[in-house]
Each structure stands twice: as structure tokens, then as C-alpha cells.
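Counting from 1 along the sequence shown, just add 10 to a position and that's the residue number in the working numbering.
In this text, a Cβ means the ideal position worked out from N, Cα and C, and glycines have one as well.
Source: prediction; values computed, not measured.
To keep things clear, I will list the structure first and then write my remarks on it.
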Amino acid sequence: MVQTPGQARRSLPDFATGQAKRLLINGVWVEAGSGETIESVDPATGAPLAPLALAGAADVDLAVAAARRALEGDWGAFRPADRARVLSRLADLIEDRAEEFAAIDAVDMGAPIMTARWMASNAVSTFRYAAGQALTIHGDTIEHSQTRSMFAYSLKEPVGVVGSIIPWNGPLFAAAWKLAPALAAGCTVVLKPAEQAALTPLLLGELCIEAGLPPGTVNVVTGDGVAGAALTEHRGVDKIAFTGSTATGRRVIKGSAGTIKRLTLELGGKSPHIVFADADLDRAAQAAAMGAFTLSGQVCAAGTRLYVERDVCDEFTERVARITRSLRVGDPLDDQTVLGPLVSREQFDRVSAYVKTGSEQGASAISGDLPKAQEQFGDGFFVPPTLFTGVTDEMTIAQEEIFGPVLSAIPFDGVDDVLTKANNTPYGLAAGVWTQDVSRALEMTRGLRAGMVFVNNYGASDPAVPFGGYKMSGYGRENGRAAIEAYLETKSVWMEAAS
Ligand code: NAD
């Protein structure tokens, strides 16, 4: 029973139901060459949604060829101001249909509508920011020490055809984070959404055409790892921008090695969230709960290792547990819902197994009753937010990325101890620190090996601020100046007088 008792469930958005979705290749919607489709389900109920075309290598070939033609043809002729105008129009079109986008992500991946609305507005800002960025691209004139008759300057040129591969958590904004800087730089794109949640990227493809992007500039091929691998290995693709798990990221590195592609990788995380005894504990407790459980933990930068200074550890974890128990879990389409289901049966099984392992290894779940949630939600893939105490750093739940609503609280004693513990992970995506002591905050921000450090907040995000990881959380950055740079080549020109 997913809906609130006594209330009918809000109807599903039309785009999410009915006929099988097709691939967007060269500005036209086509079936996969094989005619095959993949199932797509509403994770809140397990009921089927519109199936997706299953792209294979031959479809990827067609999409890459279309992207190449657009790069060398109509899109290649767009000047920065033309690109800015079309990106701006695309942002407006998404904004006009933001509620529809949010509702589709809600039924397709189980994002609570309030979170899905934030994701839609983030996609709008991302395209607006990119529209501005398109106007800022420039090379340099360079002072050198060779003969004075030679003049040196650099040109910035689009990398070329980009294969963008995204995961299922936040399909719309993940697609926006890939498309916006690529288009601002003048690249063309073959976008491969995740097989579990691809509907908003398809609707975004529709709006790309409406906004005036020439055919082939953005192509959307739905499918699984086969299409992803075909894109990764393709000779006609110049760069892969990948977001997903570290395991698949490794495959992408190997698959792209044959053609030495440019790569940016946004991979997994196991981020530490650190609370010192002098912190504003009320705000920190709220942030600790939401930093771990937003989108039911299906967030790469989720703060899933909660380190609390020993003196306040018991009291603080109890506060977090109280907040956790109050989070309303339920129908993603309901405005009051804070946490929805996990994306798929497979993810539900994976996360449930981690919860079981946590208990078997001796940790205590002080919130979250999985059997009760299963009874309540029937065929939906709901895991309640689960806070474990009595966790040690060696336990599986403290080591591995779970990508579900599971938070491990661990006590620490002072700066050196917590820096050692926090950095003792192969990942380095994000970290949070709560303290009122500025010197300590500075020491922590320098000592933490992570691409993003949040001090007295957790999870802030903006299109202007770089996002990405250290260590096995990947390389390259999304957002900010760094993102567009990753879609540009630098050409050095030496010019000398002809005689
Ligand atoms: P995943 O790695 O299983 O899949 C990601 C994408 O890769 C999908 O589109 C999938 O079809 C495709 N793929 C699968 N096999 C492939 C192959 N051999 N070659 C090329 N592409 C292939 O990840 P997921 O389960 O969809 O998403 C969860 C993971 O994504 C988590 O590890 C999470 O931390 C990570 N993530 C990272 C960020 C970030 O910015 N760092 C953001 C969101 C998610």
C-alpha cells in the first residue's frame, strides 16, 4: 500500500506510461535496430512503466555518426552567442515543464517529489550557467623566450563527440550536468542513461529539439552496459564523461584505453561526516540525518560514516535517531513524503543484505525496521532509514558504499584520530565537519582527502562550484569552470612572419 490511507494516488505522468520509448538519433525517434526493449518499473509499486528501447552496438554506431555530422555541420557552425541562446532557451523549456519532470523522476526512480523538484530546478540553473559559460571561452596570447618574430597563442576547441554515461540516481540533473558544459563548449553528445531510470533524459532529448539544437547534436540511446561499453570503445567518440560506480568506472578506463579517449569519472563514495562536541548539535543532527538519507541514500556524496566526538556521541546519535524515525517514508508522488523507495528490486536486495550484515557483525540498528517496512509497502522497494551504533571501522557497513539509507555512527577522540579514520577509505568524494572552532575547521579542511568539504553544512551544490572526487571517487570535475575546461582541447599556435 504505497499511498496515504484514505487518499487516492496521484495519477502517473502520461510520459511515464504507455507505448515503448524510442531512441533519439539524428533528431528522429527510432526503435532499436534489434526491436528489443527493456522493462521499466515504478519502484514504489513494482508496476510496469513504459518500456525502453534496448540500444545495441549498431544503434550506438548510428548515434555517433549523427553526432559527428552535427559537429562538422550545423552545430559546428554555431557561434558562442548562438550556443548561449539555445542553452538559455532549453533552460526555459525545462522550467516550464519542471513539475512534469519532477513527477516523472518520482515514478521512474522513486525520488520524493519534493526532492525531484529540487533536481529539476538544479537542471534549469545548470543550463543557465552553461549559457553564460559559452560566452567566456578563450585561449591566451603567450609571452615566450624564442625569436621575437614568432607570436604564440592558444585556441580552445571542442573536444568533439562525447559519450555521456549516467547512473539512475537523479537522471534529469545527471543528464544536465553532462549536456550543459559539453554543449557550451561546442561538443556534440551521445547520452546513455541508466537502464533503471531513463525517462527524464528522454524528455530532455525532446526539449533539445524544441530548443533548436540541430539534429544529431544530442542523441539519447537507452540501454544497458552493452550500449555503454560500445560507446566507451567507439573509435568515433573523443571523450567519455561517466558517472556511476567505481567498478564500472574501471571498465570504462579499460574500454577506452584502446582509443586513448579523454575521460572524466564521477564515481562512488563513502563520505565521512564529522561532528565535534562544540558544534551546533541541533543543526548538525538534522544535517547528519539528511546528509545520509536524502534520496534514500542513493547519493554518491552521502555522508554515510558519522564520526562523533566521544563525549557527545551517545547523546548526539540518539538525536539523529529521533529525527530519522520522524522522516516520512512513502509514495514519492505525495508532497509530504521525505523518503521514497530504492530504484529497483536488485538495489533493494543489495541494501537489505547490508542491513543484515551490519547486525550480524555486531552493530545495533537504533532506527529502521526492515521487516515492518516490507509488510507496509508490499511490492515497493522500500528500505527504512537505518542508523547503526556500535560500528567499528573494520565492519563491512563502514567500509563499502551501500547506496541505500544506512548510516554508521562511530566515536572518535580528537583531530588526529578522526583524520586518520576519515581518510582510511579508497574513496574521496565528500566530507562534512561541524565545529565552531575556526582553527580546527581549517586544520580539518586541509587534512581531509576529499573533493568537497562542507563546514557547518552538508551537501550544498551550485552550478558554479566544482563537484568531483579524489582517489577512487574519480577524476575531473563537474560544474564550475573546471567542467567546461574538460570539454575543450588546447591548441598552441606558433605564428611567424611569412618573409
Ligand atoms: P553503474 O556503474 O552500475 O552504472 C552507471 C552507468 O554505466 C549506467 O548507465 C550503466 O548502464 C552503464 N554501464 C554499465 N556497464 C557499463 C560498461 N561496461 N561500460 C560503460 N557503461 C556501463 O552505477 P549505478 O548503479 O547506475 O549508480 C550508482 C553508482 O553511481 C554509485 O556507485 C554512485 O556513487 C555513483 N554515482 C556517482 C556520482 C558522482 O558524481 N560521483 C553521482 C551519482 C552516482
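Exercise for review: Give the straight-line distance between the Cα atoms of Glu4 and Asp321, rounded to the nearest whole angstrom.
Suggested key: The chain is shown from 11 up to 509; residue 4 falls before or after that span and cannot be answered.
Review point. Going by DSSP, which residues form a beta bridge with Phe392?
Key: Answer by DSSP bridge pairing: none, since Phe392 is not bridged.
Practice item. Using beta-carbon positions only, say whether Ala54 and Gly120 come within less than 8 Å of one another. Key: yes
Check your understanding: Going along the chain, which residues of its own chain have a beta-carbon closer than 6 Å to the beta-carbon of Asn36, five neighbours each way excluded?
Key -> So the qualifying residues of the chain are Ala76, Pro225, Gly226.
Review point. Residue range of the alpha helix (DSSP H) that Trp187 falls in?
Key: 181-195
Exercise for review: Measure the C-alpha to C-alpha separation of Arg127 and Leu22 and round it to an integer number of angstroms.
Suggested key: 16 Å
Practice item. Say yes only if the C-beta of Thr136 is nearer than 7 Å to one or more non-hydrogen atoms of the ligand NAD, and no if none qualify. Key: no
Review point. Using the C-alpha atoms, what's the distance from Ala195 back to Ile147?
Key: Using only the alpha carbons, I get a separation of about 8 Å.
Point to revise | Cβ neighbour criterion (16 or more within 10 Å) applied to Leu291 | key: buried
**Study point:** Through-space distance from Thr47 to Glu216, alpha-carbon basis
**Key:** One C-alpha to the other measures close to 19 Å.
Check your understanding: Is the closest heavy atom of the ligand NAD to the C-beta of Ser255 under 7 Å?
Key -> yes
Check your understanding: Taking the C-alpha atoms as reference points, what is the distance between Ser374 and His283?
Key -> 19 Å
Review point. DSSP state of Ser354, grouped into three classes?
Key: Note: Ser354 maps to coil in three-state DSSP.
Exercise for review: Pick out whichever of Glu410, Asp84, Pro181 has its Cα sitting closest to the Cα of Val353.
Suggested key: Pro181
Check your understanding: Just how far apart, CA to CA, sit Gly92 and Cys218?
Key -> The sequence given here has Asp at residue 92, not Gly. Cα to Cα, Asp92 sits roughly 14 Å from Cys218.
Review point. So does Asp69 have its beta carbon nearer than 7 Å to some heavy atom of the ligand NAD?
Key: no
Check your understanding: Going by beta carbon distance, what residues of the same chain come within less than 8 Å of Pro415, once the five residues before and after it are set aside?
Key -> Ala302, Phe303, Ser306, Gly307, Leu349, Val361, Gly378, Val393, Pro394, Pro395, Thr396
Review point. For Ser50, does the three-state DSSP call read helix, strand or coil?
Key: coil
Check your understanding: Hey, how far is the Cα of Gly233 from the Cα of Lys31?
Key -> 11 Å
Review point. Is any heavy atom of the ligand NAD found at a distance shorter than 7 Å from the C-beta of Asp234?
Key: yes
Check your understanding: Cα separation between Gly235 and Leu103?
Key -> Spanning the two alpha carbons is a distance of roughly 30 Å.
Review point. Buried or exposed: where does Leu145 fall if 16 or more other Cβ atoms within 10 Å of its Cβ makes it buried?
Key: exposed
**Study point:** Thr242 beta carbon near the ligand NAD (any heavy atom closer than 7 Å)
**Key:** yes
Exercise for review: Using 7 Å as the cut-off, classify the Cβ of Lys202 as near or not near the heavy atoms of the ligand NAD, replying yes or no.
Suggested key: Lys202 Cβ: within cutoff of the ligand NAD.
Check your understanding: What residues match up with Tyr317 in a beta bridge as DSSP calls it?
Key -> Ile284, Ile420
Point to revise | CB contact check: Val475 to chain C, cutoff 8 Å | key: You won't find chain C in this structure, because it holds only one protein chain.
Point to revise | DSSP state of Thr430 mapped onto helix, strand, coil | key: Helix, per DSSP.
Exercise for review: Since I believe Val134 is in contact with Val171 (beta carbons under 8 Å), could you give me their beta-carbon distance rounded to a whole number of angstroms?
Suggested key: Their Cβ separation, rounded to whole angstroms, is 26 Å, which puts Val171 and Val134 out of contact at 8 Å.
Point to revise | One or two residues paired with Thr258 in a DSSP bridge | key: Thr258 pairs with nothing; no bridge assigned.
**Study point:** For Met482, the first and last residue of its enclosing alpha helix (DSSP H)
**Key:** Looking at the DSSP string, Met482 is not in any alpha helix (DSSP H), and its letter there is neither H nor E.
Exercise for review: Could you name the residues of the same chain whose beta carbon sits closer than 7 Å to that of Ile5, not counting the 5 residues immediately before and after it, in chain order?
Suggested key: Outside the displayed range of the chain (11 to 509) lies residue 5, so it cannot be described from this structure.
Point to revise | Limits of the unbroken alpha helix (DSSP H) element including Ala375 | key: Here Ala375 belongs to no alpha helix (DSSP H); instead the beta strand (DSSP E) covers 374-377.
Point to revise | Per-residue DSSP class, three states only, for Ala460 | key: If DSSP states are grouped into helix, strand and coil, Ala460 belongs with coil.
Practice item. Could you check if Pro370 is buried or exposed, using at least 16 other CB atoms within 10 Å of its CB as the buried criterion? Key: Reading the sequence as shown, one finds Glu at residue 370 and not Pro. With fewer than 16 Cβ atoms within 10 Å of its Cβ, Glu370 is classed as exposed.
Review point. By DSSP, does Leu217 sit in helix, in strand, or in coil?
Key: helix
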